[in-house]
Structures are given as C-alpha cells and as structure tokens.
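> The structure follows.
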Amino acid sequence: MKVFLSHSTETFPGYFGDRALAALREHAEVVRNTTDRELRDEELARAAAGCQAIIAYRGSPGTAATFAASPELVAFLRCAVDISTIDVPAASAGGILVTRATPGFTDSVAELGIGMMVDLARGVTRAASAYHRGEIPPPSTGVQLSASTLGLVGYGRIARRMAVTARALGMRVLAYDPYAPPEDPGVEAVGFGEALAADFVVCLAIASPETANLMDARAFAAMRRGAFFINLSRGELVDEAALEGALDSGHLAGAAMDVGRAPDQMPSPRLASRPDVIATPHLAGLTPEAAEHQAMDTVRQVAALAAGRVPEGAVNAEAAHRLDRLRR
C-alpha cells in the first residue's frame, strides 16, 4: 500500500512528527510532500498519483477536484477531527473512504482556555507588552478567578476539563448544553441566559447550522457588563460585528480567541489587532502530545486499510466501494 502524507515541510514537525512517520512506514510505502506549502485540488492529486491513500493535514482540503483527478485513490484520511473542508458527498460518489481522527487536544485546548482567563483577568499580555517596550504601565486592579464565575456554553470533553481546573481554582462553574446536560458534581446545569451572566463566558459549542452566530448581539447584550468572552470552538459561532460592538461600547471588558473567520479558522485580523483582545493563531491543539495522538490515530487507520479492514473513524464506509481494491 502506498500513502501520500500531505503535511508540508513546515507543518510536518508540529502536526505529524518523526515517531508517527516511522510507525506509518511499518504499514505502507510513504510519499512525502517535499514543498513548504499545502497542496490542494489537482495539484494534490498529482503529488499523490499512484497512492491508495492520502493523509491530509487541515491545509489540504478534500475537494471534488482532488477526488475526480485521483483514479487510484481509495481513502482520504483527515489527520484531525474537523472534516468540514472535505467534500464527503463527492468522495462517496467516487467510492472513496473518508476518515477522521479522534480528539487528542482536550487537555491542550482546555489549558489554553484557562491561560486566557488568567490573561484577561490580570491584563498579562497588555502589561507585559508595555514593559517590553520599556514602559511602566500604571497600576491596575485585576480580577481574581477564585471570586469569579465561569459560564461554559457547550459541555463536551474540553469544557469538562476546563470545569475541573476552574473548580480547583475556586471558581463557580455553570454549564449550558441542550444535548449533553452536565451531571458532574460541582457543575451547575443552567440555561443559555444564565450561562451568559457569568464573569467569564467560554464558547465551546459544536459548530453546526443551528449554532451559526450563536453569540450574536442579543447574546452579548445578555452578558454581564464588564465580563469577558472567550471563543475556543469555531469562528462561525460568533457574530464578529456584534462582538466588536460589545467591546466598543465597554459592555465587555475584553475577549480572547484561538479561532475566527480568517483563513484556517484563525482569528480575524481586525479583532486580533485590538488592545482588549487576546488572539492566538489557531494553536490551541499544538502540543506534541495532541499532535501525536491524532497522527497515531491515522497510522492505525492505515494499518487497518492495509489489512483489508474498515478503520475506526470511517465516515462513509457504506459508500466506499474502492475499498474492495485493497482486499484482493
């Protein structure tokens, strides 16, 4: 079996790594992307010519153009959880299997969220940046987390991890999730409005058509004056104009985000440039442990394919008739 690894020379060390590559080579012949950029469409298909599988970094979408130009392709393996940039119907129409990895970034994203709360509460970035410039910022009173309330919008793995840490810091924790109401001790299940009334509101809801612009002008108006907003979910859940308005008016004291509506789910530059915003370029899951978890998930999927089995994480196995080619 022959596999194309789409990670560029720049993204490979942080998002796949040598250990996963060595493990992958135990199950397949590996062809690397030797460029310093991400490939897509027909260019990706040309680079992967002769390969039965493509392991795709998030910068290489699974498009109809790629699938149409890949007659030998059997499987398109996303080395991540998010498959929103994969045209699954087009893959299914061509009999190509699509897979995804399991979440390996729970701890890393939760830890960044806690760090963002500390930063917002104490003005760490603002004060440190001024001091780096040789300025001594005037004394300003911060917010103590142990005297604050955390409101979690969405209560999946990351939110549960944040809740544990926040409670250890002495915070009161509220959580809203209509699909998975919290049952953990010390976490109060509340409605959307009550979660928004917290001192720190963290958006961790699942991205779907129903949650698009979940955080709109009405939601921000429902937040407590002087509160902080953090987005660690997806950019499309936030109406950025409404967020900017809430910051401009002083209704919100600040915001932090690792995602947004810029390319590759990065925060929008307009928001990122604000002094009352902490924005990181979609790096919450970028730790060796998180990256290797998902890379090794993909290695296990290749091993299953090489053995003629449908791997865990398959999205459209019922339509993937090209799998028969690996069973001959």
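For the sequence shown, my numbering assigns the number 71 to the initial residue and increments by one for each residue that follows. Cβ coordinates follow ideal geometry from the N, Cα and C atoms, glycine included.
Which stretch, first to last residue, makes up the alpha helix (DSSP H) that contains residue 234?
Taking the sequence shown and counting its residues from 1, one reaches residue 234 at position 164. Segment 227-238, the alpha helix (DSSP H) holding residue 234.
> Identify which residue in 77, 78, 79 and 87 has its Cα closest to the Cα of residue 418.
A question about residue 418 goes unanswered here, because the residues of the chain that appear run from 71 up to 398.
> Taking the alpha helix (DSSP H) that residue 411 falls in, what are its first and last residues?
The structure shown does not extend to residue 411, since the chain is modelled only from 71 to 398, so the question has no answer here.
> Between the C-alpha atoms of residue 335 and residue 153, what's the straight-line distance to the nearest angstrom?
Taking the sequence shown and counting its residues from 1, one reaches residue 335 at position 265. Taking the sequence shown and counting its residues from 1, one reaches residue 153 at position 83. Residue 335 and residue 153: Cα-Cα distance of roughly 13 angstroms.
> Give the secondary structure of residue 187 by DSSP, where H, G and I count as helix, E and B as strand, and everything else as coil.
Translated into the one-based positions of the sequence shown, residue 187 becomes position 117. Note: residue 187 maps to helix in three-state DSSP.
> Which residue wins for smallest C-alpha separation from residue 261, given the options 297, 237 and 222?
On the sequence shown, residue 261 is found 191 positions in, with the first residue counted as 1. Of the candidates 297, 237 and 222, the one whose C-alpha sits nearest the C-alpha of residue 261 is 222.
> Could you pull the DSSP bridge partners for residue 294 from this structure?
In the sequence shown, residue 294 corresponds to position 224, counting from 1. Answer is none; residue 294 lacks a bridge partner.
> Report the residue from 358, 208, 91 and 180 whose alpha carbon sits nearest the alpha carbon of residue 193.
If you number the sequence shown from 1, residue 193 lands on position 123. If we check each option's Cα against that of residue 193, 208 comes out closest.
> Over what stretch of residues does the beta strand (DSSP E) that includes residue 327 continue unbroken?
Along the sequence shown, one-based indexing puts residue 327 at 257. Looking at the DSSP string, the run of the beta strand (DSSP E) that includes residue 327 is 322-327.
> Going by Cα to Cα distance, which pick from 299, 346 and 393 is closest to residue 184?
In the sequence shown, residue 184 corresponds to position 114, counting from 1. Of the listed residues, the one whose Cα sits closest to residue 184 is 299.
> Counting along the chain, where does the beta strand (DSSP E) carrying residue 222 start and finish?
Reading the sequence shown from its first residue, position 152 is the one you call residue 222. That run of the beta strand (DSSP E) goes 219-223.
> What are the residues that DSSP puts in a beta bridge with residue 147?
The residue you call residue 147 lines up with position 77 of the sequence shown. Partner(s): 125 and 169.
> Around the C-beta of residue 348, are 16 or more other C-beta atoms found within 10 angstroms, so that it is buried, or is it exposed?
Mapped onto the sequence shown, residue 348 falls at position 278. Per the 10 Å Cβ criterion, buried.
> Tell me whether the beta-carbon of residue 158 lies closer than 7 angstroms to the beta-carbon of residue 168.
Your numbering for residue 158 matches position 88 in the sequence shown. Your numbering for residue 168 matches position 98 in the sequence shown. Yes, Cβ-Cβ distance for residue 158 and residue 168 is below 7 angstroms.
> Within 10 angstroms of its Cβ, does residue 353 collect 16 or more other Cβ (buried), or is it exposed?
Numbered from 1 along the sequence shown, position 283 holds the residue referred to as residue 353. Under this definition residue 353 is an exposed residue.
> Count the other CB atoms within 10 Å of the CB of residue 377; is the residue buried (16 or more) or exposed (fewer)?
Working through the sequence shown from its first residue, we reach residue 377 at position 307. When all chains shown are included, residue 377 counts as exposed.
> Nearest to residue 127 by CA position, among 114, 210 and 177, is which residue?
Within the sequence shown, the letter at position 57 stands for residue 127. Measuring from the Cα of residue 127, the nearest candidate turns out to be 114.
> Looking only at its own chain, which residues have a Cβ that is under 6 angstroms from the Cβ of residue 233, when we skip the five neighbours before and after it?
The residue labelled residue 233 in the question sits at position 163 within the sequence shown. Within the same chain, residue 233 has close Cβ partners 243 and 257.
> Can you grab the Cα-Cα spacing for the pair residue 320 / residue 188, in whole Å?
Along the sequence shown, read from residue 1 onward, the residue named residue 320 stands at position 250. Along the sequence shown, read from residue 1 onward, the residue named residue 188 stands at position 118. Roughly 20 angstroms separates the two Cα atoms.
> Is the beta carbon of residue 76 sitting closer than 7 angstroms to the one on residue 130?
Reading the sequence shown from its first residue, position 6 is the one you call residue 76. Reading the sequence shown from its first residue, position 60 is the one you call residue 130. It is a contact, given that the beta carbons lie within the stated cut-off.
> At what residues does the beta strand (DSSP E) containing residue 85 begin and finish?
The residue given as residue 85 occupies position 15 in the sequence shown. Residue 85 -> not in any beta strand (DSSP E); alpha helix (DSSP H) instead, spanning 82-85.
> Spatial neighbours of residue 387 within its chain, please: C-beta separation below 6 angstroms, excluding the five flanking residues on both sides.
Against the sequence shown, residue 387 aligns to sequence position 317. Hits under 6 angstroms: 380.
> Using three-state DSSP, classify residue 175 as helix, strand or coil.
For this step, residue 175 is matched to residue 105 along the sequence shown. Coil.
> For residue 80, does the count of other Cβ atoms within 10 angstroms reach 16, so buried, or fall short, so exposed?
Residue 80 sits at position 10 when you count from the first residue of the sequence shown. Residue 80 is exposed by the Cβ-count criterion.
> Going by other Cβ atoms of all chains shown within 10 Å of its Cβ, with 16 needed for buried, is residue 136 buried or exposed?
Taking the first residue of the sequence shown as position 1, residue 136 is located at position 66. Buried: at least 16 other Cβ atoms inside 10 Å.
> Shorter than 6 angstroms, the distance from the beta carbon of residue 234 to the closest heavy atom of the ligand FAD, or not?
Looking at this structure, you won't find the ligand FAD or any other ligand, since it has none at all.
> The alpha helix (DSSP H) with residue 362 in it runs from where to where?
In the sequence shown, residue 362 corresponds to position 292, counting from 1. Run containing residue 362: 358-376, per the alpha helix (DSSP H) assignment.
> For residue 258, list the residues DSSP reports as bridge partners.
The residue given as residue 258 occupies position 188 in the sequence shown. According to DSSP, residue 258 bridges with 244.
> Rounded to the nearest angstrom, what separates residue 309 and residue 120 at their Cα positions?
Position 239 of the sequence shown, counted from the first residue, corresponds to residue 309. Position 50 of the sequence shown, counted from the first residue, corresponds to residue 120. If you take the alpha carbons of residue 309 and residue 120, they lie about 44 angstroms apart.
> Quick one, are the C-beta atoms of residue 166 and residue 392 less than 7 angstroms apart?
Locating residue 166 in the sequence shown gives position 96, where the first residue counts as 1. Locating residue 392 in the sequence shown gives position 322, where the first residue counts as 1. Taking 7 angstroms as the Cβ cut-off, residue 166 and residue 392 qualify as a contacting pair.
> What is the residue span of the beta strand (DSSP E) that residue 253 lies within?
The residue you call residue 253 lines up with position 183 of the sequence shown. It is not in any beta strand (DSSP E) - residue 253 carries neither H nor E in the DSSP assignment.
> Alpha carbon to alpha carbon, how far is residue 107 from residue 78?
If you number the sequence shown from 1, residue 107 lands on position 37. If you number the sequence shown from 1, residue 78 lands on position 8. C-alpha separation (whole angstroms): 5 angstroms.
> In three-state terms, what does DSSP make of residue 353?
Within the sequence shown, numbered from 1, the residue matching residue 353 stands at position 283. Here residue 353 sits in coil by DSSP.
> State the beta-bridge partners of residue 75 as determined by DSSP.
Within the sequence shown, residue 75 is the residue found at index 5, counting from 1. 102 and 125, per the DSSP bridge assignment.
> Measure the Cβ-Cβ separation of residue 227 and residue 176 and say whether it is below 7 angstroms.
As a working note, residue 227 is residue 157 in the sequence shown. As a working note, residue 176 is residue 106 in the sequence shown. For residue 227 and residue 176, yes; Cβs fall inside 7 angstroms.
> In whole angstroms, what separates the C-alpha of residue 372 from that of residue 163?
Along the sequence shown, one-based indexing puts residue 372 at 302. Along the sequence shown, one-based indexing puts residue 163 at 93. Computed Cα separation, rounded: 22 angstroms.
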